[in-house]
Each structure stands twice: as structure tokens, then as C-alpha cells.
Amino acid sequence: MADSDFPGWHGTTIIGVRKGGEVVVAGDGQVSLGQTVIKGSARKVRRLSPGGHDVVAGFAGSTADAFTLLERLEKKLEATPGQLQRGCVELAKDWRTDKYLQKLEAMLIVTDGSELYVITGAGDVLEPEHGIAAIGSGGMYALAAARALIDTDADAETVARKAMAIAADICVYTNGNLTVETLRR
């Protein structure tokens, strides 16, 4: 089977919502190969503790690539304790300039409970507007739903869970099996 014939891995919706002194990162558990669900309970949101500082990261894309990036991010954060933005920028610079890292296919949402960033292989470290970031196959559905819900009385976790449920109802590469991590500041 030629690479162009390979159906490709699809899956993952990750959302980060900052509201009311907390940031919630939620991710679904589905991994699909073509039209087949390979796994429904993957854990794509992880808590890191570099230098004793809690950081939550969610990833979309290749799992092996994402784990490589998470390991690198953790090292950057250990070198710059308490400076999430600096660690993210350092990772993005390496990702963009290192020949090995350039081939990695993943995106990250990262938070320390006060700051929220999306990191891409293009060298971007984006701080989202409205305190909401979303990536992955169903990311735009979750983002739209969360934007509609953010000005309600719902807390950050409720907004994230409802947005993920809406994305799971629309995107065939997203399921309702969630991993949710919360950080408060």
C-alpha cells in the first residue's frame, strides 16, 4: 500500500477553557484509522509537574510525536521554572529549527492555570482570544460551542464538557469519553 493510499490516523478534540480563576483542559479518547475506531479511551490530556509547578497539556496529532514534544516541553519548563510562556517559546523555536522536530505532527494546548497557549510546529505560541483554545479534528466545533457558552453562568469545566459533547455529536473522529484536568489560580 502506497503512502498516498494509507487512510491516515484521525481523531482527537482538545479544548482549553479559562474562566472564573480556573483553566480546564478536556480531550476525547477516540483514535481512528480511516473509518475504523482503533481505540476509544486514549488519554490525550496530561498533567506535568516540571520543577514542582503544575502544568496541564493536551495534544492532537501523532501520539509518539506528541510525547516527544511533551518531554521536550517538560525539560524547557524545568529550565525556566514558573515561566510557562518562556518555556513554550523555547519549545516552539526548537520545533521550528530542529530538522528532527520539524517532522513531528502534533499540536499542544498548555496551561499553568493562569496562562493558556496553543503551540504549533510552525513556531507559533498563540494565546487564544476569549480564554478558549481548541485543536484537533473536532476542534472548531468545540471552539464554536464554547464561545457560545462562555458568557453563561456555567463554570469552565461545564463549558468544556458541553462543548466537547457538541463536538462529539458533530465530528465522527471525536467521542464522549473525556479526560478532564483542572488548574486553579
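The sequence shown begins at 1 in UniProt numbering and counts up by one. The beta carbon of each residue, even a glycine, is placed where N, CA and C say it ideally should be. Predicted, not measured: the structure shown is a model, and the values here were computed from it.
Sheet register partners of residue i (DSSP bridge)
i: residue 140; result: For residue 140, which the question treats as bridged, DSSP gives no partner whatsoever.
i: residue 164; result: Note: residue 164 sits in no beta bridge, so no partner.
i: residue 59; result: 108
i: residue 25; result: 16, 181
i: residue 134; result: 15
Own chain, CB closer than 6 Å to residue i, minus 5 neighbours either side, in chain order
i: residue 27; result: 14, 44, 45, 58, 179
i: residue 186; result: No information on residue 186 is available, as it lies outside the stretch 1 to 185 that the chain covers here.
i: residue 62; result: 105, 106
i: residue 86; result: 80
i: residue 72; result: 91
i: residue 56; result: 25, 47, 111, 181, 183
Backbone CA spacing between residue i and residue j [nearest angstrom]
i: residue 34; j: residue 173; result: 10 Å
i: residue 5; j: residue 16; result: Unreliable placement is indicated for residue 5, whose pLDDT of 46 sits below 50; the coordinate value is still reported in the next sentence. Between residue 5 and residue 16, the C-alpha separation is close to 34 Å.
i: residue 116; j: residue 12; result: 19 Å
i: residue 146; j: residue 36; result: 28 Å
i: residue 129; j: residue 138; result: 18 Å
i: residue 94; j: residue 135; result: 21 Å
i: residue 60; j: residue 66; result: 7 Å
i: residue 149; j: residue 18; result: 12 Å
i: residue 181; j: residue 156; result: 11 Å
i: residue 49; j: residue 112; result: 10 Å
i: residue 151; j: residue 120; result: 28 Å
i: residue 92; j: residue 84; result: 12 Å
i: residue 159; j: residue 47; result: 20 Å
i: residue 102; j: residue 25; result: 25 Å
i: residue 123; j: residue 96; result: 5 Å
i: residue 98; j: residue 23; result: 31 Å
i: residue 51; j: residue 69; result: 17 Å
i: residue 154; j: residue 140; result: 20 Å
i: residue 74; j: residue 64; result: 15 Å
DSSP-derived helix/strand/coil call for residue i
i: residue 172; result: coil
i: residue 46; result: strand
i: residue 72; result: helix
i: residue 97; result: helix
i: residue 156; result: helix
i: residue 122; result: coil
i: residue 90; result: helix
i: residue 85; result: helix
Neighbourhood of residue i by C-beta distance below 8 Å, restricted to the same chain and skipping five residues each side
i: residue 176; result: 28, 164, 165, 168
i: residue 90; result: 76, 79, 80
i: residue 30; result: 11, 12, 37, 39, 40, 42, 173, 174, 175, 177
Own chain, CB closer than 7 Å to residue i, minus 5 neighbours either side, in chain order
i: residue 82; result: 53
i: residue 114; result: 185
Boundaries (first-last residue) of the beta strand (DSSP E) holding residue i
i: residue 19; result: 13-19
i: residue 119; result: 116-119
i: residue 39; result: 36-39
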